[in-house]
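Beneath this line is the structure, given in structure tokens, with notes to follow.
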Amino acid sequence: MTTETITVERTGVIHQAEGDAQRIDAYLPSVCPQNHAANLLHLPNGDVLCVWFGGTQEGIADISIYQSRLANGSTQWSDAVKLSEDATRSEQNPVLFLAPDGVLWLLYTAQKSGNQDTAIVRYRQSTDQGHTWGEIGTLLDQPGTFIRQPITVLPNGDWLLPVFYCRVEPGEKWLGNNDDSAVKISSDQGKTWQEYPVPNSTGCVHMNITPLADGSLLALFRSRWADFIYRSHSTDGGKTWSVPVPTTLPNNNSSIQVTTLQNGHLALVFNHMSAADATERRVSLYDEIEDEDGGNDAKMPEITEGRSAFWGAPRAPMTLAISEDGGKTWPWQRNIEVGDGYCMTNNSQQKLNREFSYPSIKQGPEGKLHVAFTYFRQAIKYVCVDEAWVKG
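Residues 1 to 392 (the UniProt record's numbering) make up the sequence shown, in order.
Structural data, given as structure tokens:
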């Protein structure tokens with residue numbers, strides 16, 4: 001591995017990508033050493049919001065949620081604004097949701113140190129398009145509840161929030177070996193939620209729900225096993241799901257995101273990489289902060305052969321793919337970013353990480369595909385292209 005450090009300039013200025021007249025790029029402003037896990041949302045007034053978590057290092061309590069805005073007609077993302085601050089918890093995986101009544105929701109997780117099994121889900125609401133926010137509340141208080149993907153609103157008005165549970169064996173530290181997925185459904189605008197588990201979903205996390213043309217729902221999953229992206233279907237509004245099965249697309253135990261386009265096609269952003277291409281392996285996601293676990297003396301289980309979470313597979317390239325048949329095949333793929341994807345450290349102060357990860361994709365009302373993702377764990381990079389760009 002190279003020990004060369006690279007510093008990313010984070011000005012927020014939108015510019016044409018070098019050598020590509022059909023693409024624009026930007027690096028969102030931030031004062032934090034580490035920035036990770038972006039999520040995008042278009043607002044009715046034409047603004048685009050991006051939220052992510054930033055601070056010293058994932059899992060440490062100075063990690064908080066930040067927001068930047070690309071105002072309608074502007075050529076520069078705004079300075080980042082901090083939206084959360086809990087001195088005892090690492091706040092992660094923010095998600096934005098604009099409810100049908102116009103209230104903007106921010107959802108995010110809050111965990112103790114590197115122990116994802118302590119996570120709960122908190123929220124804030126805004127009635128002015130995210131310029132100001134209300135008090136922080138707790139949405140889901142069962143320890144170990146994690147989110148990553150946005151809420152889906154069905155034609156009948158139901159809200160579907162995919163969750164996954166970070167589970168541990170008694171006396172052991174969380175590694176991700178036993179995580180599984182479920183869907184929370186609210187029929188009263190988020191006041192109450194009913195849970196519907198995804199059967200046999202151990203290892204399938206970051207469930208991402210998107211509607212298909214026939215009225216059914218497709219869910220795609222990150223795999224803790226770092227083998228493939230998995231898929232599941234529901235034909236009854238998200239109450240029952242088929243057992244997740246692998247697709248032909250690789251996964252490296254890192255996040256993906258899919259969205260349904262205005263023409264019914266699907267657009268997916270992911271790392272075209274798996275454990276089969278990895279030459280190194282980490283013990284856990286939080287190797288570097290295990291001594292800062294708030295006094296938890298749980299032991300680290302030994303990694304054994306078989307179904308144990310695989311950490312450390314390269315997080316590159318960042319690939320954009322298009323499907324015209326409901327996700328059965330993905331014949332059009334183009335890399336947004338390429339590199340070695342080195343991610344054996346999450347310490348952004350050392351500036352050794354070279355991953356491209358945790359993408360978000362949304363189609364704007366003008367039809368463009370807007371993508372944001374982690375760049376070297378230092379910055380959130382924004383890219384805007386159209387579907388024709390992917391198909392070449």
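Using N, Cα and C, we set each Cβ at its ideal position, and we do this for glycine too.
Being a predicted model, the structure only gives us computed values, none of them experimental.
Please work out which residues of its chain come closer than 7 Å, Cβ to Cβ, to phenylalanine 146, disregarding the five sequence neighbours upstream and downstream, and give them in chain order.
By one-based count along the sequence shown, residue 146 stands at place 146. Contacts found: Asn93, Thr109, Gln116, Ala119, Val163, Phe164, Cys166.
Considering only residues of the same chain and omitting the five flanking positions on each side of glycine 339, which have a CB-CB separation below 8 Å?
As a working note, residue 339 is residue 339 in the sequence shown. These residues qualify, in order along the chain: Ala316, Pro317, Arg354, Phe356.
Helix, strand or coil for glutamate 280 per DSSP?
By 1-based counting over the sequence shown, the position of residue 280 is 280. DSSP places glutamate 280 outside both helix and strand once states are collapsed to three, so it counts as coil.
Who are the near neighbours of asparagine 35 in its chain, counting only those whose CB is closer than 6 Å to its CB and skipping five residues on each side?
Residue 35 sits at position 35 when you count from the first residue of the sequence shown. Counting only Cβ-Cβ distances below 6 Å, and skipping sequence neighbours, we find Trp52, Gly54, Ala379, Ile380.
From the DSSP output, in three-state form, read off serine 390 for me.
The residue given as residue 390 occupies position 390 in the sequence shown. Before going on, a small fix: residue 390 reads as valine here, not serine. It is helical.
What residues in its chain sit with their C-beta under 8 Å from that of alanine 278, if we drop five residues either side in the sequence?
By 1-based counting over the sequence shown, the position of residue 278 is 278. Around alanine 278: Ala226, Asn252, Phe310, Gly312, Ala313, Pro314.
Using the C-alpha atoms, what's the distance from lysine 391 back to serine 323?
Against the sequence shown, residue 323 aligns to sequence position 323. Against the sequence shown, residue 391 aligns to sequence position 391. Answer to the nearest angstrom: the Cα atoms are 11 Å apart.
Any heavy atom of the ligand COA closer than 7 Å to the beta-carbon of glycine 238?
Absence of the ligand COA is noted for the structure shown, with no ligands found whatsoever.
Using the C-alpha atoms, what's the distance from isoleucine 336 back to serine 78?
Numbered from its first residue, the sequence shown carries residue 78 at position 78. Numbered from its first residue, the sequence shown carries residue 336 at position 336. Each residue's Cα considered, the two are about 23 Å apart.
Using only alpha-carbon positions, find the residue among Val95, Val8, Ser68, Gly176 that is nearest to arginine 122.
Your numbering for residue 122 matches position 122 in the sequence shown. For the residues Val95, Val8, Ser68, Gly176, the minimum Cα distance to arginine 122 belongs to Val95.
Would you mind reading off the limits of the beta strand (DSSP E) that contains phenylalanine 53?
Stepping through the sequence shown from its first residue, residue 53 is reached at position 53. First-last of the beta strand (DSSP E) with phenylalanine 53: 48 to 55.
So what does tryptophan 159 bridge to, in DSSP terms?
Along the sequence shown, one-based indexing puts residue 159 at 159. Residue pairing of tryptophan 159 in beta bridges, as defined by DSSP: Val153, Ser186.
Can you list, in chain order, the residues of its chain with a C-beta nearer than 8 Å to that of valine 103? Leave out the 5 residues immediately preceding and following it.
As a working mapping, residue 103 is identified with position 103 in the sequence shown. The residues are Gln125, Ser126, Thr127.
Do you know offhand how far asparagine 263's Cα is from valine 198's?
For this step, residue 263 is matched to residue 263 along the sequence shown. For this step, residue 198 is matched to residue 198 along the sequence shown. A straight-line Cα-Cα distance of about 29 Å links asparagine 263 and valine 198.
Below 7 Å CB to CB, which residues in the same chain sit around arginine 10 once its five sequence neighbours on both sides are set aside?
Locating residue 10 in the sequence shown gives position 10, where the first residue counts as 1. Excluding positions up to five away in sequence, the list reads Tyr27, Leu28, Pro29, Ser30, Ala379.
Going by DSSP in three states, isoleucine 63 sits in which element: helix, strand or coil?
Walking along the sequence shown from the start, residue 63 turns up at place 63. Looking at isoleucine 63 - three-state DSSP - the assignment turns out to be coil, as it is neither helix nor strand.
In whole angstroms, what is the alpha-carbon distance linking asparagine 72 and tyrosine 66?
Position 72 of the sequence shown, counting from 1, holds the residue named residue 72. Position 66 of the sequence shown, counting from 1, holds the residue named residue 66. Looking at the two C-alpha atoms, the distance is approximately 20 Å.
Please report the residue range of the beta strand (DSSP E) in which leucine 220 lies.
For the purposes of this step, residue 220 is identified with residue 220 of the sequence shown, where counting begins at 1. From DSSP, the beta strand (DSSP E) with leucine 220 extends over 217 to 223.
With DSSP run on the structure shown, which of helix, strand or coil describes glycine 26?
Numbered from 1 along the sequence shown, position 26 holds the residue referred to as residue 26. The question names glycine, yet the displayed sequence has alanine at residue 26. Alanine 26: strand per DSSP, three-state reduction.
Here's a check: name, in chain order, each residue in its chain whose Cβ is nearer than 7 Å to the Cβ of leucine 139, leaving out the five neighbours to either side.
The residue labelled residue 139 in the question sits at position 139 within the sequence shown. Once the five neighbours on either side are set aside, the close Cβ partners of leucine 139 are Leu107, Val121, Arg122, Tyr123.
Who pairs with histidine 233 in a beta bridge, going by DSSP?
On the sequence shown, position 233 is the one that residue 233 refers to. DSSP, once it has assigned bridges, lists Leu218 as partnering histidine 233.
Around the Cβ of serine 216, are there at least 16 other Cβ atoms within 10 angstroms (buried) or fewer (exposed)?
As a first step, residue 216 is located in the sequence shown; it is residue number 216 there, counting from the start. Counting Cβ neighbours within 10 Å, serine 216 comes out exposed, since fewer than 16 surround it.
Give me the residue from Leu43, Gly137, Asp62 with the minimum Cα distance to proline 33.
Indexing the sequence shown from 1 puts residue 33 at position 33. For the residues Leu43, Gly137, Asp62, the minimum Cα distance to proline 33 belongs to Asp62.
Between the beta-carbon of phenylalanine 373 and the beta-carbon of alanine 38, is there less than 8 Å?
The count along the sequence shown starts at 1 and reaches residue 373 at position 373. The count along the sequence shown starts at 1 and reaches residue 38 at position 38. In this structure, alanine 38 lies closer than 8 Å to phenylalanine 373 by Cβ.
Would you mind listing the beta strand (DSSP E) stretches within the segment 93 to 167 that are 3+ residues and don't spill past its ends, in chain order?
104 to 112, 115 to 126, 137 to 140, 159 to 165
In this structure, how does DSSP classify glycine 295 when only helix, strand and coil are distinguished?
Here the question's residue 295 lines up with position 295 in the sequence shown. Only weak support exists for where glycine 295 lies, its pLDDT of 45 falling under 50; the value from the coordinates is given anyway. Three-state DSSP puts glycine 295 in coil, outside helix and strand.
Can you name the residues that DSSP bridges to alanine 267?
Counting from 1 along the sequence shown, the entry for residue 267 is found at position 267. In the DSSP output, where bridge partners are listed per residue, alanine 267 has Thr259, Ile322.
In terms of residue numbering, what span does the beta strand (DSSP E) encompassing arginine 10 cover?
As a working mapping, residue 10 is identified with position 10 in the sequence shown. Where arginine 10 is concerned, there is no enclosing beta strand (DSSP E), because DSSP gives it neither an H nor an E.
Measuring only the C-alpha atoms, how far is serine 254 from aspartate 101?
Taking the first residue of the sequence shown as 1, we reach residue 254 at position 254. Taking the first residue of the sequence shown as 1, we reach residue 101 at position 101. Going from the Cα of serine 254 to the Cα of aspartate 101 covers about 33 Å.
Within the segment 321 to 389, note down every full alpha helix (DSSP H) run reaching 4 residues or more, in order along the chain.
none
Would you tell me roughly how many angstroms separate the C-alpha atoms of alanine 80 and isoleucine 14, rounded to the nearest one?
Here the question's residue 80 lines up with position 80 in the sequence shown. Here the question's residue 14 lines up with position 14 in the sequence shown. Roughly 15 Å between the two C-alpha positions.
Check whether the Cβ atoms of glycine 59 and isoleucine 289 sit closer than 8 Å, and answer yes or no.
The residue given as residue 59 occupies position 59 in the sequence shown. The residue given as residue 289 occupies position 289 in the sequence shown. Yes, Cβ-Cβ distance for glycine 59 and isoleucine 289 is below 8 Å.
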